[in-house]
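Numbering (the numbering used here), first residue to last: 1 to 287.
Using N, Cα and C, we set each Cβ at its ideal position, and we do this for glycine too.
Here's the structure, in structure tokens; my notes come after.
Shown next, in the form of structure tokens:
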């Protein structure tokens with residue numbers, strides 16, 4: 001099945017959430033030549049790519065303020081899709097209201113729990129103490145637009161303001177200006193980036209054997225072969241609670257001899273190793 005195209009002929013990229021969500025904005029910034037496809041759940045994003053309803057999917061892996069997106073780690077062991085790119089996206093939280101509203105007149109604010117948390121100090125300074133949690137920021141913006149009440153506002157993206165006809169009452173109210181989400185792009189087909197064009201990353205899922213110091217021994221090859229590990233996380237699978245699974249991202253192409261040796265040693269001490277992708281690094285990662 002070939003990837004589905006929209007009426008304007010553009011190929012689609014799927015994201016979790018409603019139009020105007022931060023993930024929607026990330027898709028438009030990273031892939032401006034593609035049509036975005038909103039999906040209710042992360043599982044639906046993976047399914048859309050797997051079935052060919054979308055060429056790519058863009059999923060958040062972690063946020064600099066909120067940490068990792070735990071739901072993704074329950075899906076990755078089941079997927080046959082591949083990581084083909086990564087992108088770092090700054091998260092901009094704007095206070096949005098209906099036409100004629102003012103920040104001083106807002107009595108209630110609606111947003112995703114993380115949106116409220118990440119703007120807590122700014123909301124305190126604005127004197128907005130009634131904070132209502134929503135499933136996502138775009139839904140909050142949509143409902144504020146429907147209510148047409150100048151005392152109600154949403155914390156959402158500037159794209160949500162544009163799509164739902166809201167005004168920006170206060171821009172960039174996130175407490176930390178270093179609020180960034182790492183997204184990875186998933187595809188049915190893998191890519192093989194040229195190391196001469198830039199830094200290459202490799203991401204794996206692995207489960208160590210049940211022997212003493214298995215993790216220490218499994219990672220030994222990365223140290224002896226000078227492989228730069230960028231991320232290492234552990235989590236317990238619901239289907240196999242007797243052994244932790246690990247998510248690792250490191251710098252290096254699998255054709256590099258040092259990477260091959262490190263992977264050989266990793267495999268010796270593991271029950272299972274799955275390659276999620278070999279893909280180009282976002283240049284902003286190493287700035």
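Is DSSP giving residue 276 helix, strand or coil here?
-> strand
Taking only the alpha-carbon atoms, compute the straight-line gap between residue 129 and residue 116 and give it to the nearest angstrom.
-> 11 Å
To the nearest whole angstrom, what separates the beta carbons of residue 281 and residue 208, a pair I think is in contact under 8 Å?
-> Wrong, their Cβ atoms sit about 26 Å apart, outside the cutoff.
Kindly list the residues whose CB is nearer than 6 Å to the CB of residue 217, restricted to its own chain and excluding five residues on each side of it in sequence; keep chain order.
-> 269
Ignore the nearest five residues each way along the sequence and tell me which others in residue 49's own chain have a CB closer than 7 Å to its CB.
-> 14, 56, 57, 81, 186, 187, 188
Member of 37, 138, 67, 213 whose CA lies at the smallest distance from the CA of residue 163 | 138
Where residue 215 sits in the DSSP three-state scheme = helix
If I'm right that residue 18 touches residue 136 with Cβ under 8 Å, what's the distance once you round it to whole angstroms?
-> 6 Å
Could you check the C-alpha separation between residue 42 and residue 51 for me, to the nearest Å?
-> 14 Å
First through last residue of the alpha helix (DSSP H) which encompasses residue 91 = Element bounds for residue 91: n/a, residue is neither H nor E.
Indicate whether residue 96 and residue 144 have their beta-carbon atoms separated by less than 8 Å.
-> yes
Relative to the C-alpha of residue 148, which residue among 286, 234, 106 is closest?
-> 106
Residues of its chain near residue 172, where Cβ-Cβ distance is below 8 Å and the 5 sequence neighbours each way are ignored | 92, 93, 94
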